[in-house]
Amino acid sequence: MKVLVPIKRVIDYNVKVRVKPDHSNVDLANTKMAINPFCEIAVEEAVRLKEAGVATEIIAISIGDKSCQEQLRTALALGADRAIQIDTDESLDALNIAKLLQKVVEEEQPQLVILGKQSIDSDNNQTGQMLAALTGMPQGTFASVVKVDGDKVNVTREVDGGLQTVALNLPAIVTTDLRLNEPRYASLPNIMKAKRKPLVVKPAADFGLNLTARTKLLKVTPPAERQAGIVVESIDELVEKLKNEAKVIS
Amino acid sequence: MSILVIAEHDNISLKAETLKTVNAAQKIGGDITLLVTGFNCQNVVDAASKVNGVSKVLVADNAAYEHQLAENVSLLVTELAGDFEHILATALTTGKNFMPRVAALLDVAQISDIIDVESSDTFVRPIYAGNAIATVQSLDNKKVITVRTTGFDAVATDGNAEIINLDTVTDAGISSHVSDELTVSERPDLGAASVVISGGRGMQNGDNFKLLDGIADKLGAAIGASRAAVDAGFVPNDMQVGQTGKIVAPDLYIAVGISGAIQHLAGMKDSKVIVAINKDPEAPIFQVADYGIVADLFDALPELESKL
Chain A
24 MKVLVPIKRV
34 IDYNVKVRVK
44 PDHSNVDLAN
54 TKMAINPFCE
64 IAVEEAVRLK
74 EAGVATEIIA
84 ISIGDKSCQE
94 QLRTALALGA
104 DRAIQIDTDE
114 SLDALNIAKL
124 LQKVVEEEQP
134 QLVILGKQSI
144 DSDNNQTGQM
154 LAALTGMPQG
164 TFASVVKVDG
174 DKVNVTREVD
184 GGLQTVALNL
194 PAIVTTDLRL
204 NEPRYASLPN
214 IMKAKRKPLV
224 VKPAADFGLN
234 LTARTKLLKV
244 TPPAERQAGI
254 VVESIDELVE
264 KLKNEAKVIS
Chain B
43 MSILVIAEHD
53 NISLKAETLK
63 TVNAAQKIGG
73 DITLLVTGFN
83 CQNVVDAASK
93 VNGVSKVLVA
103 DNAAYEHQLA
113 ENVSLLVTEL
123 AGDFEHILAT
133 ALTTGKNFMP
143 RVAALLDVAQ
153 ISDIIDVESS
163 DTFVRPIYAG
173 NAIATVQSLD
183 NKKVITVRTT
193 GFDAVATDGN
203 AEIINLDTVT
213 DAGISSHVSD
223 ELTVSERPDL
233 GAASVVISGG
243 RGMQNGDNFK
253 LLDGIADKLG
263 AAIGASRAAV
273 DAGFVPNDMQ
283 VGQTGKIVAP
293 DLYIAVGISG
303 AIQHLAGMKD
313 SKVIVAINKD
323 PEAPIFQVAD
333 YGIVADLFDA
343 LPELESKL
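From first to last, the protein sequence lines stand for chains A and B. Counting in our numbering, the first sequence runs without a single skipped number right up to 273 at its last residue. Counting in our numbering, the second sequence runs without a single skipped number right up to 350 at its last residue.
So this is what it looks like as structure tokens:
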């Protein structure tokens, strides 16, 4: 079965983001970029499905300018078979991303689409669910276990109260949570091999979609800074402060 | 304007977070309708009808909605959407699951995790794990929004809304519920507790989390954990506080053996008072703590318990 894995290029999770002085957006100039951590887990899950003989082909896809080919090569080095870059200079809303992915799903007919549950830049947590709606597929979001069983996939989801397992008819959408797997590191031979794997570029304009922005970013500001407090010397002092100064315990 | 708020519940009780989402709806301004989708959820409906500021409670009580399957709930919400300019859900795992599906079916964008309302079309939300705050304007005629409840106070519950039972059942028939493994606890919910005590990697193992029990009992606190503690298998995932876990803002947050990684801070830095107990004086958690104590937690916790 064919597995499609959409991935996103984002700021490296170790880098602390800075807001531009004019508050127009965050400043990503000369910032280290990487594959979104949840997307990396999605690639890993697809590769494990292939190693288990469940998946036959893994297609990685990313939407953005030429620079996201770097992350597609990472996905290829991790085990994806081929890659598609949908080329655009625009920063698209999740809905428009989902519409482009819908077109690719129609063309490629994957049985499973695995995405990260959210990207660590916009923190929207939308694309997988939107793609599921547009394609009419069921969704297993925030997955911690994925088991393909005949024409169904069982997905165990991390929910507020604990874990919930749902059975979904295939084809289906899965979005990954942190504990689904621990992604491997790409080996040097695989990084070299990835350079020769096919990567197709398709202009976003060729899909015939109206990709007008539905939201407008008015400003981006730094969060209110929390002032560091005091270091107390003893538990007695701590309890006294909490009672009499902060008044949060009685 | 009219606003639809989808109630968050477990078929037994209405979650306190719903009261905060209704507050967000009041800030937008308009006639507020609460939707309860569930199964055998009469208690929830009764509680929903008492939420202040709500004029009507729509009830879809059917087996198709028992487990809040996104495929089924989103179809119902989409069907009802015609009458509303704003559709709001709480940004907990249920709302996060079905709401983007609603937005896509309505062909509108979703504004996720709002922490403030500037006007009926402009909202404030954290991005980059809370390291930047974005003000976003929706250009769609219908607004689909999830609300991060730490940004809003709960409304009171002495209202008296009209209850309307819906006949429509929307069952997509493409997904089914298999099982739940829910953590049973006598303690308050993490999202609703006024005191939270969390353990991190410094707890060393799951057994040591028992050291937090006595303190939690005395303070009526919920117990949380850092991602490191959950990833290490000390405690289950539903205890995780952080950017991708639960976002909390209690009156008092006690971080024990937690270094203070960015993604953990994103889940608790709006707490009113933060206490850090850590043996490493350089731990970043001390930069956000109101009161820090540099101590071995295995000494500090029993002493704290005895002195409360």
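All C-beta atoms, glycine included, are put in the ideal place defined by N, C-alpha and C. Please read these numbers as outputs of a predicted model, since none were measured by experiment.
Are the CB atoms of residue j and residue i within a distance shorter than 8 Å?
| i | j | result |
| --- | --- | --- |
| Val144/B | Val119/B | yes |
| Asp338/B | Lys349/B | no |
| Leu101/A | Arg32/A | no |
| Ser162/B | Phe140/B | no |
| Asn204/A | Glu80/A | no |
| Ala198/B | Pro230/B | no |
| Leu197/A | Ala166/A | The amino acid occupying residue 197/A in the given sequence is Val; Leu does not appear at that position. Yes. |
| Leu224/B | Gly139/A | no |
| Leu61/B | Leu77/B | no |
| Val28/A | Ile107/A | no |
| Val315/B | Leu343/B | no |
| Leu254/B | Val237/B | no |
| Ala137/A | Thr97/A | The question names Ala, yet the displayed sequence has Ile at residue 137/A. In this structure, Thr97/A does not lie closer than 8 Å to Ile137/A by Cβ. |
| Ala65/A | Thr164/A | no |
| Glu59/B | Gly233/B | yes |
| Val189/B | Ile156/B | yes |
| Pro168/B | Asp172/A | no |
| Ser268/B | Ile300/B | yes |
| Gly201/B | Val93/B | yes |
| Ala146/B | Met24/A | no |
| Lys220/A | Arg105/A | yes |
Applying the 10 Å Cβ sphere with the 16-neighbour rule, what's the burial state of residue i?
| i | result |
| --- | --- |
| Val189/A | buried |
| Arg202/A | buried |
| Gln162/A | buried |
| Asp222/B | exposed |
| Leu211/A | exposed |
| Met215/A | exposed |
| Gly159/A | exposed |
| Arg251/A | First, the residue type needs correcting, since residue 251/A is Ala and not Arg in the sequence shown. Label assigned to Ala251/A: exposed. |
| Lys239/A | exposed |
| Ile206/B | exposed |
| Leu148/B | buried |
| Ser85/A | buried |
| Val159/B | buried |
| Lys138/B | buried |
| Ile319/B | buried |
| Leu123/A | buried |
| Ser240/B | buried |
| Glu129/A | exposed |
| Leu118/A | buried |
Given that residue i touches chain A, what residues does it touch there, using C-beta distances under 7 Å?
| i | result |
| --- | --- |
| Asn173/B | Lys39, Val40 and Pro246 |
Identify every residue that forms a DSSP beta bridge with residue i.
| i | result |
| --- | --- |
| Glu223/B | Leu186/A |
| Ser217/B | Leu191/A |
| Gln108/A | Ser85/A and Val224/A |
| Met56/A | Ile34/A |
| Asn333/B | For the sequence presented, residue 333/B should be read as Tyr rather than Asn. The partner list for Tyr333/B (beta bridge, DSSP) reads Ile253/A and Val317/B. |
| Thr199/A | Gly139/A and Ala166/A |
| Lys43/A | None; Lys43/A has no bridge partner. |
Under 7 Å Cβ-Cβ, which residues of chain B neighbour residue i?
| i | result |
| --- | --- |
| Thr290/A | In this structure chain A extends from 24 to 273, so residue 290/A is not present and cannot be described. |
| Asp144/A | Ile169 and Tyr170 |
| Ala121/A | Ala146 |
| Ile58/A | Per Cβ cutoff of 7 Å: no residues; Ile58/A is ~16 Å from chain B at best. |
| Thr97/A | Those do not exist, as Thr97/A stays about 21 Å from chain B at its closest Cβ, beyond 7 Å. |
| Val49/A | Tyr170 and Ala174 |
| Asn53/A | Those within 7 Å of Asn53/A in chain B number zero; the least Cβ separation is about 17 Å. |
| Asn148/A | Lys138 and Ser154 |
Taking Cβ-Cβ distances shorter than 8 Å, what residues in chain B pair up with residue i?
| i | result |
| --- | --- |
| Arg237/A | Val150, Ala151, Ser180, Leu181 and Asp182 |
| Glu129/A | In chain order: nothing, as chain B lies at least about 15 Å away. |
| Glu181/A | Thr135, Asn279 and Asp280 |
| Gly184/A | Asp52, Asp222, Leu224, Thr225 and Asp280 |
| Val243/A | Ile169, Ala174, Ile175, Ala176 and Thr177 |
| Ile272/A | Val237, Leu261, Leu294 and Leu350 |
Find the residues of chain D that neighbour residue i, judging by a C-beta separation of less than 8 Å, and give them in chain order.
| i | result |
| --- | --- |
| Arg143/B | The displayed structure is made up of protein chains A and B, and chain D is not among them. |
Run down chain A in chain order and give the residues with a C-beta less than 9 Å from the C-beta of residue i.
| i | result |
| --- | --- |
| Tyr333/B | Gly252, Ile253, Val254, Val255, Glu260, Leu261, Lys264, Leu265, Glu268 and Ala269 |
Along chain A, in chain order, which residues have C-beta atoms closer than 8 Å to that of residue i?
| i | result |
| --- | --- |
| Ile304/B | Lys39 |
| Thr164/B | Leu241 |
Please list the partners that residue i has in chain B, where partner means a Cβ-to-Cβ separation under 9 Å.
| i | result |
| --- | --- |
| Thr79/A | The premise fails here: Thr79/A is roughly 23 Å from chain B at the closest Cβ pair, so nothing lies under 9 Å. |
| Thr188/A | His219, Val220, Ser221, Asp222 and Glu223 |
| Asp45/A | Those do not exist, as Asp45/A stays about 13 Å from chain B at its closest Cβ, beyond 9 Å. |
As an exercise, report each continuous beta strand (DSSP E) stretch of at least 3 residues that is fully enclosed by the stretch 207 to 251 of chain A, in chain order.
Segments of the beta strand (DSSP E) lying fully in the stretch 207 to 251 of chain A: 222 to 226 and 238 to 244.
Could you tell me which uninterrupted alpha helix (DSSP H) segments, each at least 4 residues in length, are contained entirely in the stretch 111 to 170 of chain B, listed from first to last along the chain?
Note on the stretch 111 to 170 of chain B: whole alpha helix (DSSP H) runs with a minimum of 4 residues are 112 to 122 and 135 to 147, in chain order.
Mind listing, in chain order, the continuous alpha helix (DSSP H) runs of no fewer than 4 residues lying wholly within the stretch 109 to 157 of chain A?
Whole alpha helix (DSSP H) segments, 4+ residues: 117 to 131.
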